[in-house]
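Residues 1 to 341 (our numbering) make up the sequence shown, in order. Quick reminder that beta carbons are idealized off the backbone N, C-alpha and C, glycines included. Predicted model only: the values in this text are computed from it and were never measured.
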Amino acid sequence: MDSSSLLSYLQKSYPNRISLKLNDFRDITSGWETQIFSFDLEWSTKRGKMQEGLIVRIYTPGVGAKKAERESTVMTQLSRVGYPVPRIHLTETDDSTLGNPFIIMDRIEGSTLNDKFALSDVENDKWVMVFSRLFVKLHKLDWKYFVADSRSYHPEDPFYIVKSKIAEARESLKHHKKQELNPVVDWLHKRIDCVPCKKLSIIHGDFHPMNVMIDSQQNPFVIDWGAAKISDFRNDLAWTLLLTRAYSTKENRDFFLDGYQRTVGHDIEEIEYFEVFAILRRLFDVSVSLDEGATELGMREDAVEMMKEQMGHVRVVYNLLGVLTDITIPEIETWIDSFSK
């Protein structure tokens, strides 16, 4: 996407904005799934010039249309119930318009929560509690507000979600010929009875400090909702803990878990079971992307190069699998070694 074509689209979308201009168009992409540009929009009114700082989040063609629509819908719903997210301005799911689906939203002027953690250890406890309160607040929202038919999630069956995730995992492994990961699914299946879901939640799917923005008034906003869904909140928490352990340390993983537990007022049961689920997700995503290309899973083409550069974290994830389950997978060890050289 280039700035001139985006400006043409915006001029058609906002015909009443006189002398509409697009300034400071910059690529600020940092993740695997979408390309992100920052820009300023300026136009004239009788009261003078108006300006907005905006973000355009661009998805891969094809499967990206559903992701864009889902993310836009979830963020709009979250805003309506008072959860802090950037305001959505426009959503485009038609690939033919500018070549990719995209959404345009407010740009939060500030820094990420990750930047706050890096500044000083003195305030880390303060910021981990900001993070934890946001996380718990999300999981306590009424999940029924975010779905058209709550009956499709079978809330009366505490094992429906975990059984569905296991069935989905088996189907994905079969489709992508990743049967070497079946022992992990078998391990999870044998322990289903230990993890009933007591309450369904809306979950983020990638909740980490890089996805929490802190504005100039110290107000937090949560971004990157492309993986949001209804599930057991422990899937969300476990993913956060796994990423923290993989990219940081076990001590920081425990620090985040402690913050969450302090916020809810009790220990989280069987969290390591859900960390094994998170390990399966990470090994599957990376393995398929390296073998078939990242676009196969709806990620950007150059995400593969980023994965190769971050292979050290994949090794940490795989090693943790052994610690938690005693499972070893020679095929996974081989490709980790091959991309680590």
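Which term fits ASN100, buried or exposed, when burial requires 16 or more other beta carbons within 10 angstroms of its beta carbon? buried
To the nearest angstrom, how far is it from the Cα of GLU69 to the Cα of SER164? 23 Å
Under DSSP, the alpha helix (DSSP H) around SER79 begins and ends at which residues? 64-80
On a CA-only basis, which of PHE256, TRP239 and HIS266 is nearest SER132? Give me that one, please. PHE256
If ASP232 sits next to VAL162, beta carbons under 8 Å apart, how far is it from one beta carbon to the other, in whole angstroms? 7 Å
Hey, out of ILE192, LYS178 and ILE108, whose CA is closest to GLN218's CA? ILE108
So the candidates are PHE221, ILE271, SER152 and GLY53; which of them puts its Cα closest to the Cα of ILE230? SER152
Any contact of the region 204-215 with the region 115-135, i.e. 3+ C-beta pairs under 8 Å? yes
Locate the alpha helix (DSSP H) running through SER5, then write down its first and last residues. 3-13
Where MET75 falls, given that 16 or more other Cβ within 10 Å makes a residue buried: buried
Write down the C-beta distance between ALA227 and ILE202 rounded to the nearest angstrom, noting that I regard them as a contact closer than 8 Å. About 12 Å; that fails the 8 Å criterion.
Considering Cα atoms alone, identify which of TYR14, THR73, ARG87 and ALA65 is closest to THR45. TYR14
What residue range is occupied by the uninterrupted beta strand (DSSP E) comprising LEU200? 200-203
Give a yes or no on whether the C-beta atoms belonging to LEU181 and LEU173 are separated by under 8 Å. yes
Which complete beta strand (DSSP E) runs does the region 110-196 hold, if anything under 3 residues is left out? 110-112
Hey, LEU54 and ASP106: beta-carbon distance below 8 Å or not? yes
Pull up the CB-CB distance for LEU324 and GLU272, whole angstroms please, since I reckon it's below 8 Å. 6 Å
Are the CB atoms of VAL56 and ILE88 within a distance shorter than 8 Å? no
Opening and closing residue of the beta strand (DSSP E) in which GLN35 lies: 35-45
THR91 bridges to which residues according to DSSP? ILE103
Can you name the start and end residues of the alpha helix (DSSP H) that GLN51 belongs to? GLN51 -> not in any alpha helix (DSSP H); beta strand (DSSP E) instead, spanning 48-58.
Terminal residues of the continuous beta strand (DSSP E) containing PHE284? Premise fails: PHE284 lies in the alpha helix (DSSP H), 271-292, not in any beta strand (DSSP E).
Cα separation between LEU321 and LEU10? 48 Å
Taking a contact to mean a Cβ-Cβ separation below 8 Å, would you say LEU141 touches VAL81 in this structure? yes
DSSP three-state label for PHE207, please. coil
Helix, strand or coil for ILE28 per DSSP? coil
Anticipated Cβ contact below 8 Å, PHE39 with ASP24, distance rounded: 6 Å
How many angstroms separate the CA atom of LEU283 from the CA atom of MET50? 47 Å
Coil, strand or helix - ASP258 by DSSP: helix
Under the three-state DSSP convention, the category PRO220 falls into: strand
Terminal residues of the continuous beta strand (DSSP E) containing ASP236? Premise fails: ASP236 lies in the alpha helix (DSSP H), 233-247, not in any beta strand (DSSP E).
Pull up the CB-CB distance for LEU134 and PRO220, whole angstroms please, since I reckon it's below 8 Å. 6 Å
Measure from the alpha carbon of ALA278 to the alpha carbon of each residue in ASN124, THR112 and ILE166, then state which is nearest. ILE166
ASN16, DSSP secondary structure in three states: coil
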